[in-house]
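S.K.:
Residue numbers (full-length UniProt numbering): 1 to 813.
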């Protein structure tokens, strides 16, 4: 919201308070002022001049020699190259010695041999935002109204001796989206009375508005109040300069006197208005209803809008003529041929306007105010104010009466405030009369009963609904800097990370220390991408977004891997082939096709390796990463959290992974086994689709890992007694999983087995074609004594017997 300081001074006396001082006061009270713009960019020495005559320059086709009366007592000869300069015009004239906003100093000069004693100025040369002016005024000099007095400083004529305060409003302070709302705030801060504008309308008693127009509301939940006035025989013309200056200061383009009045009153009251060409309506009929299937409307910006049944319309009973609260229709636009006006003022539901505006991508000053719930009490005052201004500025005749339809009467809310609660929450010792004074300054009517106040909230302050809102208002006006600082009371506890937070942080440190880079990707993905890899739950359904940014980001992800593959492809396309990344993120899923409950959120760790394991050197060849690199990372994480040896890898074919180089991981902890995730090489088809080489991934569900993990490091004493190693080589069927051999050996060896390591797998000569030889090393250690040979032989014998019995294994000779 841009607030003109000059305009504000019409409603409240700001004498002795500069724009900077007021901005500081407002910011301290919670209305932040981002920028204070001085509209006068250095326009001094520029006055209103009258072009008495214009003649062609004798030696230049594009120059004119003008004789100008600038009120200096002599006629000035000025050479001007503007196409639109002409005799009889009032124009801005920069006198000799003037320094223009761009830094140019006006001097007496000769242009092609003809003396020039000043400069006739354009709006841009005066430092104005000429983009808000009509095109013809952007391309030439600024032509002023005929009634402008010669010799008057141009800064006074154009209202440039002004400051504009740019308010950065929070969503709850929609009352300050109007000049009167800011005036109320200023009145409370400066303790000065308001001067509200007159809304008395001079009507033509011989003609009733109800004879010309009819109003009805079919969408009661979208519009609670619709009011209209009928104004006849208007003259469409440019607005007077004072009105144009007000709009320009607010950043609004002047158009014509009718449209400018509606914009002016909208800025003044915060109540959007719209003027329809009444002769374009079907017998003066207005019906407020929702759109019907297949309806369209060409809005004032010339765009055809496809309407949906939830969009609120203004119609003439047969066709749409406006998007309620957003923008009018081209078919009822006020033009130069307009004679009769139907002036609209209404209260539309903010949620309905917001949905329409967002879906169509059509934001307007009107929709901005309706979305934040405009003041329902301003409908009639704003309508009357605009009608009277149109009567004065367009010579219109206002028919007697207001035609309106009301579906719900607005009732003011009464909020009870107690002095005890106010002081307790603020930490102050305010007296009842001080609180009463603050409420009065804010324009809030209240009935006092001892230390209790019953406050009636005006419609302009829709943000006040509870006593805490009033307490905040008391604090703002009393001054935050006057509230004493008090020590915090109550039981305090030191902050700490939860177990899950400690483990996630440890994972991040461990992986980055080992050379992996963390990525952060969107939680949204394409529906097709969500089907590439298996979801955590077999019955999981991707959650669809109601209003996605695009089709590429239309569902919540059920796997991290598609997004990580995009990162890998992005790097590979930029010649970064050695990729080692991880992501800690969340997956979202639900078993419901139509979402009725909050989706389940699952924390997940994703790993991706591709390219070379290490950079080749003169003495080290490049080595490509493989399955065991990503498996080694998973095993190191398990070991770090005290879960060494508790992850089982079951070779299978997870969706999206290579059928012969992938597995499902299971965590064995707390007496049960849980699915931990998937690991392996990407399926060749997925690699080709993403234009990737051999890529290895893992997706680990963190919940079971966090539950089983030890977040604290546990130290053990170094062993005092020697270990005993035994190696065996067993011949088993080729299809036997080595992991199963190892697990059987662990179970048979018992508690004194310290480690098991597979150090060779052999197939070939001297081994049957359907067999393989697996060489395993066992390390045994007792924590309190040295093993005897007999004890080791007995333990190791149990291991061999278990392998022979479970897998028909034969010791290799």
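Even for Gly, the Cβ is constructed at its ideal location relative to N, Cα and C.
Against chain B, with Cβ distances strictly below 7 angstroms, would residue 150 count as a contact?
M.R.: Protein chain content of the structure displayed is limited to a single chain, and chain B is not contained in it.
S.K.: Do you know whose CA, among 568, 583, 584, lies nearest residue 577's CA?
M.R.: One-based indexing of the chain shown puts residue 577 at position 577. Measuring from the Cα of residue 577, the nearest candidate turns out to be 568.
S.K.: Which whole runs of the alpha helix (DSSP H) in the stretch 125-196 are 4 residues long or more, in chain order?
M.R.: 135-138, 154-157, 179-190
S.K.: For the 8 angstroms Cβ check, are there 3 or more pairs between the stretch 445-457 and the stretch 390-409?
M.R.: They do not touch, by the three-pair rule.
S.K.: Mind reading off the beta-carbon distance from residue 258 to residue 234? Whole number of angstroms is fine, and I expect it under 8 angstroms.
M.R.: The count along the chain shown starts at 1 and reaches residue 258 at position 258. The count along the chain shown starts at 1 and reaches residue 234 at position 234. Correct: roughly 6 angstroms between the Cβ atoms.
S.K.: Which first and last residues belong to the alpha helix (DSSP H) in which residue 384 is found?
M.R.: Numbered from its first residue, the chain shown carries residue 384 at position 384. 379-394 is the extent of the alpha helix (DSSP H) around residue 384.
S.K.: With distances taken between CB atoms, is the gap from residue 288 to residue 386 smaller than 7 angstroms?
M.R.: Counting from one through the chain shown, the residue named residue 288 turns up at place 288. Counting from one through the chain shown, the residue named residue 386 turns up at place 386. No, these two residues do not count as a Cβ contact at 7 angstroms.
S.K.: Could you give the C-beta distance for residue 521 and residue 564, rounded to a whole number, given that I count them as a contact under 8 angstroms?
M.R.: As a working mapping, residue 521 is identified with position 521 in the chain shown. As a working mapping, residue 564 is identified with position 564 in the chain shown. Indeed, because the Cβ distance is near 7 angstroms, the residues count as touching under 8 angstroms.
S.K.: If you run the structure through DSSP and keep just helix, strand and coil, what is residue 807?
M.R.: Looking up residue 807 in the chain shown gives position 807. Helix at residue 807.
S.K.: Evaluate residue 496 with the Cβ neighbour count: other Cβ atoms within 10 Å of its Cβ, from every protein chain shown; 16 or more gives buried, anything less gives exposed.
M.R.: Sequence index remark: in the chain shown, residue 496 carries index 496 (1-based). Burial call: exposed.
S.K.: Should the stretch 709-728 be regarded as contacting the stretch 582-599, the criterion being three or more beta carbon pairs within less than 8 angstroms?
M.R.: The stretch 709-728 vs the stretch 582-599: no contact.
S.K.: Closer than 8 angstroms by C-beta to residue 620: which residues in its own chain qualify, once you throw out the five before and the five after it? Chain order, please.
M.R.: On the chain shown, position 620 is the one that residue 620 refers to. Only residues of its own chain outside the window of five on either side were considered, and among them 614 have a CB closer than 8 angstroms to the CB of residue 620, listed in chain order.
S.K.: Buried or exposed for residue 501, going by 16 or more other Cβ atoms inside 10 Å?
M.R.: Counted from its first residue, the chain shown places residue 501 at position 501. Burial call: exposed.
S.K.: Measuring straight from C-alpha to C-alpha, what distance separates residue 645 and residue 691?
M.R.: Reading the chain shown from its first residue, position 645 is the one you call residue 645. Reading the chain shown from its first residue, position 691 is the one you call residue 691. If I take the Cα positions, the gap works out to 36 angstroms.
S.K.: For residue 285, which option in 481, 509, 73, 403 has the closest C-alpha, if you only look at C-alpha atoms?
M.R.: On the chain shown, position 285 is the one that residue 285 refers to. Selected option, being the one with the closest Cα: 403.
S.K.: Going by CA-CA distance only, name the one from 657, 794, 14 that's closest to residue 846.
M.R.: With the chain running from 1 to 813 in the structure shown, residue 846 is simply not present.
S.K.: From the DSSP output, in three-state form, read off residue 259 for me.
M.R.: On the chain shown, position 259 is the one that residue 259 refers to. In the three-state reduction of the DSSP assignment, residue 259 falls in the helix class, which pools H, G and I.
S.K.: Quick one: grab the DSSP three-state call for residue 243.
M.R.: For the purposes of this step, residue 243 is taken as the residue at position 243 of the chain shown. Residue 243 falls in the helix class under three-state DSSP.
S.K.: Can at least three beta-carbon pairs, one atom from the stretch 458-470 and one from the stretch 413-420, be found at a separation below 8 angstroms?
M.R.: By the Cβ test, the stretch 458-470 is in contact with the stretch 413-420, since at least three Cβ pairs between them sit closer than 8 angstroms.
S.K.: Between 73, 120, 53, 51, which lies nearest to residue 81 when the distance is taken from Cα to Cα?
M.R.: One-based indexing of the chain shown puts residue 81 at position 81. Selected option, being the one with the closest Cα: 120.
S.K.: Would you mind sorting residue 302 into buried or exposed? The rule is 16 or more other CB atoms within 10 Å of its CB.
M.R.: Taking the chain shown and counting its residues from 1, one reaches residue 302 at position 302. Label assigned to residue 302: exposed.
S.K.: Thinking C-beta only, is residue 300 closer than 7 angstroms to residue 266?
M.R.: Locating residue 266 in the chain shown gives position 266, counting from the first residue. Locating residue 300 in the chain shown gives position 300, counting from the first residue. Going by C-beta atoms, residue 266 is not nearer than 7 angstroms to residue 300.
S.K.: How would you write the range of the alpha helix (DSSP H) that residue 562 sits in, first residue to last?
M.R.: Position 562 of the chain shown, counted from the start, is the residue given in the question as residue 562. Per DSSP, residue 562 belongs to the alpha helix (DSSP H) from 561-572.
S.K.: Can you have a look at residue 185 and say buried or exposed, based on whether 16 or more other CB atoms are within 10 angstroms of its CB?
M.R.: Reading the chain shown from its first residue, position 185 is the one you call residue 185. So residue 185 ends up on the buried side.
S.K.: Given that a residue counts as buried once 16 or more other Cβ atoms are within 10 Å of its Cβ, and exposed if not, what is residue 390?
M.R.: As a working mapping, residue 390 is identified with position 390 in the chain shown. By the neighbour-count rule (16 or more Cβ atoms within 10 Å), residue 390 is buried.
S.K.: Spatial neighbours of residue 53 within its chain, please: C-beta separation below 8 angstroms, excluding the five flanking residues on both sides.
M.R.: For the purposes of this step, residue 53 is taken as the residue at position 53 of the chain shown. Correct list, in chain order: 66, 67, 87.
S.K.: By a C-beta neighbour count over all protein chains shown, 10 Å radius and 16 as the cutoff for buried, is residue 580 buried or exposed?
M.R.: Here the question's residue 580 lines up with position 580 in the chain shown. Label assigned to residue 580: buried.
S.K.: Can you tell me where the alpha helix (DSSP H) with residue 819 in it begins and where it stops?
M.R.: One cannot answer for residue 819 here, as it falls past the ends of the chain, which runs 1 to 813.
S.K.: Using only the alpha-carbon positions, how far apart do residue 787 and residue 781 sit?
M.R.: The count along the chain shown starts at 1 and reaches residue 787 at position 787. The count along the chain shown starts at 1 and reaches residue 781 at position 781. Straight-line Cα distance between these residues: approximately 7 angstroms.
S.K.: Of the choices 307, 625, 660, whose alpha-carbon is the least far from that of residue 735?
M.R.: Locating residue 735 in the chain shown gives position 735, counting from the first residue. Checked all of 307, 625, 660; the closest Cα to residue 735 is 660.
S.K.: Excluding five sequence neighbours on each side, which residues of the same chain lie with their C-beta closer than 7 angstroms to the C-beta of residue 476?
M.R.: Residue mapping note: residue 476 aligns to position 476 of the chain shown, counting from 1. Around residue 476: 29, 30.
S.K.: Exposed or buried, what is residue 665 when buried is set at 16 or more other beta-carbons lying within 10 Å of its beta-carbon?
M.R.: Taking the chain shown and counting its residues from 1, the one referred to as residue 665 is at position 665. Flag for residue 665 reads buried.
S.K.: Could you name each continuous alpha helix (DSSP H) segment of 4 residues or more that falls completely within the UniProt domain "FDX-ACB" (719-812), going from the start of the chain to the end?
M.R.: Given a length threshold of 4 residues, each whole run of the alpha helix (DSSP H) inside the UniProt domain "FDX-ACB" (719-812) is given here in chain order: 738-749, 789-807.
S.K.: Here's a check: name, in chain order, each residue in its chain whose Cβ is nearer than 6 angstroms to the Cβ of residue 540, leaving out the five neighbours to either side.
M.R.: Working through the chain shown from its first residue, we reach residue 540 at position 540. Same-chain partners within the cutoff: 558, 589.
S.K.: Please report the distance separating the alpha-carbon of residue 775 from that of residue 757.
M.R.: One-based indexing of the chain shown puts residue 775 at position 775. One-based indexing of the chain shown puts residue 757 at position 757. The alpha-carbon atoms of residue 775 and residue 757 are separated by roughly 9 angstroms.
S.K.: Could you check whether residue 325 and residue 353 sit closer than 7 angstroms to each other, using their CB atoms as the reference points?
M.R.: Looking up residue 353 in the chain shown gives position 353. Looking up residue 325 in the chain shown gives position 325. Taking 7 angstroms as the Cβ cut-off, residue 353 and residue 325 qualify as a contacting pair.
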